[in-house]
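As you go down the protein sequences, you meet chains A and B in turn.
Heads up, the final residue of the first sequence is numbered 780 in our numbering, and it's a clean run with no missing numbers.
Heads up, the final residue of the second sequence is numbered 1108 in our numbering, and it's a clean run with no missing numbers.
Just so you know, even glycine gets a beta-carbon here, dropped at the ideal spot from N, CA and C.
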Amino acid sequence: MSEAATLPTVKDALALGLTEAEYELICKKQADAGGGAPNQVELAMYSLLWSEHCAYKHSKKLLRTLPTEGRHVVMGPGENAGAVDIGDGLVCAFKVESHNHPSAVEPFQGAATGVGGILRDIFAIGARPIAVLDSLRFGDPSSPRSRYLLDRAVAGIGHYGNSIGVPTVGGELYFEGPYEQNCLVNAMALGIAERKQLVTSAAVGVGNAVVLFGASTGRDGIGGASVLASAELGEDDDKRPTVQVGDPFEEKKLMECSLELLRRGLLVSLQDLGAAGLTSSASEMASKGEVGIDVDVARVPLREADMEPFEIMVSESQERMLCVVEPENVAAVLELCEKWEVGGAAIGSVTDNGRMRVFRGGELVGDMPVRALVDDCPLYDLQPVRPTGTPYPSPEATLPQNSTPNEILLALLASPNIASRRPLFEQYDAIVQSRTVRRPEQADAAVLAVRPLGAIHGLGEGSGPVAGIAVSIDCNGRRVASDPYTGTVGAVLECASNLACVGAEPLGTTNNLNFGNPEKGHIAWQLTEAVRGLGDACRALQAPIVGGNVSLYNESPPTRESAGPIYPTPVIGMVGSLPDVRRAGRLGFAREGEAVAIVGPFEPSLPASELAKLLGRPLPDGLPGIDVETVAAAQAAVREAVRAGAVSSAHDIAEGGLAVALAECCLAGELGAQVSLGEEFFGAEVAAATGREGNWSGIPPVTAAALFGEVSGAFVVSGGEPALLALGERTSVRILGRVGGEALHIDLAENGGPIELTLVEMAQAHGALGELFA
Amino acid sequence: MKFGVLQFPGSCDEVDALHAAGRVGDAELLWHGERDLRGADAIVVPGGFSYGDYLRAGAIARFSPVMESVIAFARDGGLVLGICNGFQVLCEARLLPGALLPNANLRFTFRQVDLEVVEEETAFTCACAGGELERSERAGARGERSEGSAADGHPILSIPAKHSWGRYHADGQTLAAMRERGQVVLRYAPGENFNGSLQDIAGVRNERGNVFGLMPHPEHAVDELTGSSDGLCIFASMRLAVEGARV
């Protein structure tokens, strides 16, 4: 090995984000393997693989507590994406990932490459991507920074997803003060593959070639994983050069090329290049296959000729894949790359020495044990400390204290967290690939036919069932901040409720844990509690975790305005199956004269609700517990009724409570409703559960709770009255009234003025987000 | 009757178009790098981003090997349908008049839109009038909603549109001539023209009538499960025209 003029020191290690103890451990690992102190290439590679982003050093121990096995699971955590069996020899692959820090620095490219990265994870296991969803968090829309981040992030997601021919079928968006400096951009993707065509990333076969294909390698994104993703955002935003730049056309070709390579059986294993570039993909492929890999950086196609070996190894240039190929197939692989006009080069080989070796031509410039790189990063125990009181400031009150129920409902419909998402989803192609049966705002979950509908001939009466999958993504960070355990359970249940509304049963779950700095006690506590809730809820629903991602250090320094940690935000993505998309549920009321009912346990509470936010209420210390079994029973009842075609619409009651849910059913169906809430909604029991928390904007607490309180596992369902009453055998059902007319009328008996709003009035309020994109 | 559907490396909707065409005839993908149209009776230039569209939508695709053959095919009177990016490619190739500019709102926009079939006797719309599309009723309902701007009894098609560059533009003289020759085939129904196209133009044909381009996506409206099957009549019309010409 050539002697570098000067070896890096502990100071350099600290600058790369390692601790002193970690550096010493690296030196020891290298010495044990017969080497000296790490040189520049080696230290750069260790610093990335031992970063929080790659090594999960503060979360791995917790993640091991999650349920990852179940009868549908085909591929669990550890691969590029998880996969569940959807029958007929097919699997659905899916995963959610964050691109938070890059998006906070450069929202367009940050969000775009977030989509690009998650799509590569899907086709890396051999699945064709069929859908994207996104989960976004920004500060209050009154802030110019938040509006800028929102506008550019949405444009970036659209730019990438629309250009590559994968529909964006759903998502979620919340605006809350604590995300002002640290926005969240999480992207989820789904793909479909034949089970027998799935491929893993484990490098096998000593002597096999390692081929890099896709875009050439440049200096973009150097150190992204360690610098951006594994520390708090600092005072200066001078990190723009560490944000990668995406090219969806390159990715489109890469995707088609990868899938054709797999279809032709030319690859032994496949892995995408994401965070930490070649360093992480090569090392992880070697680690999974328990082999070594030699890489020659001189053979890597470069954008800039004078790149140093360490730069080539850590570059995060987008749209690249790494594969292992049997020597006799290399020519065929490169030929197919040429067909799709993507670059390709054999850059190394699989060895039996268990080492990751980096050459520049004939010169060895880095030599590390794979195990030390990938597996030996120390894992840290969290030191959770339950905080006394909430660390978050109360939201600013925006609703006058003496508002009528009518005014409150309009304010809630116009609230940025509830208003129609149409101005966003209209910027995304939701229908390419001809699978989309339920688009955004047609139902609580997106519904996709497993096979492209165009390819299915002779649909209509008498034709057979059309198998489908449904997907939902959700997390109410304010509720998790109020109670990390219950809030997370609620987020998982919310996804399952969304699936139930279209008639889908959960198959598996993915998650993205977005939290602050885990080295702080109260963040560690949030994380621990949230993961406990996640595990409990997924176990109860038999919807195991098949993959996910962790994004920590979402905090800004205390010198900044609106500083501190984000709301803890364990974003949940859930995939379910339904036997026949011809009966997929809708959320909108469908027919005049049909009955409207609340189905499921209805125990609304106001603390941490959207109304509480509009009134400037502080976050509560704890939420009412959720009886998961009761909620699951209600979900099953709704799911079966939708599948049987027994009900006309189903919508789960979420932010803004019953009144908002009813309004949404009216708006989606362009039909009014006349309902009345009888005394049972306002009785002593409800008052006890609601508490005596003062005056809710001039209306009695019980009335406020019944109309606007939030709840887990309750649904607004419409249909024939006998069918609705039949649901009473499995869960609780209360008939509220009838569908019809041009207005929503809610009679409250003696408990406050009735709500009476026309469809036009409600639609106008619900369209409030349009201004943000005007 | 066989449709040839072009496939560029950045095509996105080519498989959808293949399946849609496959509902009324045979259909096959044609790779951009090859000149052989494989005996296709009609060509579909599908949506997507052909070669990335970084210069200008469709600007590079018109120079591709397969387009050389398509241009010759069109000059010989063969039927060519351009959808979205395909429409842009056909304008760039000068097979169709006018150009597509960025949407008035400067954003990619996806919306289900109602289209009026202004010309019903074309090779691309001759099957759109009868059958399941009850023109008077549908047109009447739409007329009521948009307060008096009745659709003159034209058939209405509900078809999704999704694009960033869909604002149809041509100079005044060209527009007048197109009108006179019945080259404006589809218009956005009142209130539906979200991209700012001149005179609500959504789809145009060439003077000879054998080349047609539109921004909305009929291949995404061939099955009620996706919301509408109104787009199928475009492909059915092409089949009628090809088989009629053969007789």
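- Message: Which residue wins for smallest C-alpha separation from Thr-1035/B, given the options Pro-1016/B, Val-1065/B, Gly-1057/B, His-1024/B?
- Response: Val-1065/B
- Query: In angstroms, rounded to a whole number, what distance separates the CA positions of Arg-1107/B and Gly-197/A?
  - Reply: 43 Å
- Item | Cβ pair count under 8 Å reaching 3, the region 220-228 of chain A against the region 198-208 of chain A | no
- Whole-number beta carbon distance between Ile-1062/B and Pro-1079/B, since they are thought to touch under 8 Å: The Cβ separation is near 16 Å, so there is no contact.
- Query: Could you check where the beta strand (DSSP E) with Phe-219/A kicks off and where it finishes?
  - Reply: 215-220
- What are the start and end residues of the alpha helix (DSSP H) that includes Ser-169/A? 150-170
- Item | Pro-147/A (DSSP reduced to helix, strand or coil) | coil
- Query: Which residues in chain B sit within 8 Å of Val-587/A, going by Cβ to Cβ distance?
  - Reply: Leu-1086
- Task: Pull up the distance between the alpha-carbon of Glu-241/A and that of Cys-481/A, whole angstroms please.
- Result: Annotation note: pLDDT 45 at Glu-241/A (below 50); position unreliable, no value reported.
- Item | Partner residues on chain A for Thr-1035/B, Cβ-Cβ distance less than 9 Å | None at all; the shortest Cβ gap to chain A is about 30 Å.
- Message: Which same chain residues end up closer than 7 Å to Glu-9/A when comparing Cβ atoms and leaving out the 5 residues on each side of it in sequence?
- Response: Only weak support exists for where Glu-9/A lies, its pLDDT of 47 falling under 50; the coordinates are left without a value.
- Query: Is the Cβ-Cβ distance between Val-160/A and Leu-418/A less than 8 Å?
  - Reply: no
- Task: From the DSSP output, read off the bridge partner residues of Cys-98/A.
- Result: Val-90/A, Ile-198/A
- Gly-594/A to Val-637/A, Cα distance in whole Å? 22 Å
- Figure out for me which residue from Tyr-434/A, Pro-458/A, Asp-450/A, Arg-427/A has the closest Cα to the Cα of Thr-442/A. Pro-458/A
- Task: Could you check how far apart the C-beta atoms of Glu-432/A and Thr-970/B are, in whole angstroms? I think they sit under 8 Å.
- Result: 6 Å
- Determine the direct distance from the alpha carbon of Gln-389/A to that of His-64/A, and round the result to whole angstroms. 10 Å
- Whole angstroms is fine: what's the gap from Pro-490/A's alpha carbon to Arg-736/A's? 30 Å
- Query: Just checking my contact of Pro-397/A with His-528/A at CB under 8 Å: how many whole Å lie between their CB atoms?
  - Reply: 6 Å
- Message: To the nearest angstrom, how far is the alpha carbon of Phe-864/B from that of Glu-332/A?
- Response: 39 Å
- Message: Just verifying my parser: in three-state terms, what is the DSSP assignment at Leu-1078/B?
- Response: Checking the sequence, you will find His at residue 1078/B rather than Leu. In the structure shown, His-1078/B sits in coil (DSSP, three-state: anything other than H, G, I, E or B).
- Item | Gly-1064/B (DSSP reduced to helix, strand or coil) | strand
- Would you be able to state if there are at least three C-beta pairs under 8 Å between the region 891-905 of chain B and the region 765-774 of chain A? no
- Taking the continuous alpha helix (DSSP H) assigned at Arg-946/B, which residues delimit it? According to the sequence as given, residue 946/B is Asn; it is not Arg. From DSSP, the alpha helix (DSSP H) with Asn-946/B extends over 946-953.
- For the 8 Å Cβ check, are there 3 or more pairs between the region 404-413 of chain A and the region 166-185 of chain A? no
- Query: Can you give the Cα-Cα distance for Glu-609/A and Val-739/A, rounded to whole angstroms?
  - Reply: 13 Å
- C-alpha distance - Leu-1086/B paired with Glu-103/A, whole-angstrom precision: 31 Å
- Query: Using a Cβ cut-off of 9 Å, which residues of the region 954-986 of chain B contact any Cβ in chain A, in chain order?
  - Reply: Asn-966, Arg-968, Phe-969, Thr-970, Phe-971, Arg-972, Gln-973
- Message: Strictly below 9 Å CB to CB, what residues from chain A border Gly-871/B?
- Response: Ser-169, Ile-170, Gly-171, Pro-254, Phe-255, Lys-258, Lys-259
- Task: Return the residue from the list Asn-86/A, Gly-95/A, His-107/A that minimises the CA-CA distance to Glu-561/A.
- Result: His-107/A
- Task: Whole angstroms is fine: what's the gap from Leu-967/B's alpha carbon to Asp-435/A's?
- Result: 16 Å
- Is Phe-714/A closer than 8 Å to Val-786/A when the C-beta atoms are compared? This structure leaves residue 786/A out entirely; chain A is present only between 7 and 780.
- How should Asp-658/A be labelled, buried or exposed, when 16 other C-beta atoms within 10 angstroms of its C-beta is the threshold for buried? buried
- Residues of chain B with a CB under 9 Å from the CB of Thr-206/A: which are they? What Thr-206/A touches in chain B: nothing, since even the nearest Cβ is about 27 Å away.
- Message: For a test of the three-state rule: what should DSSP assign to His-772/A, helix, strand or coil?
- Response: helix
- Residue range of the unbroken alpha helix (DSSP H) whose run includes Ile-353/A: Here Ile-353/A belongs to no alpha helix (DSSP H); instead the beta strand (DSSP E) covers 349-357.
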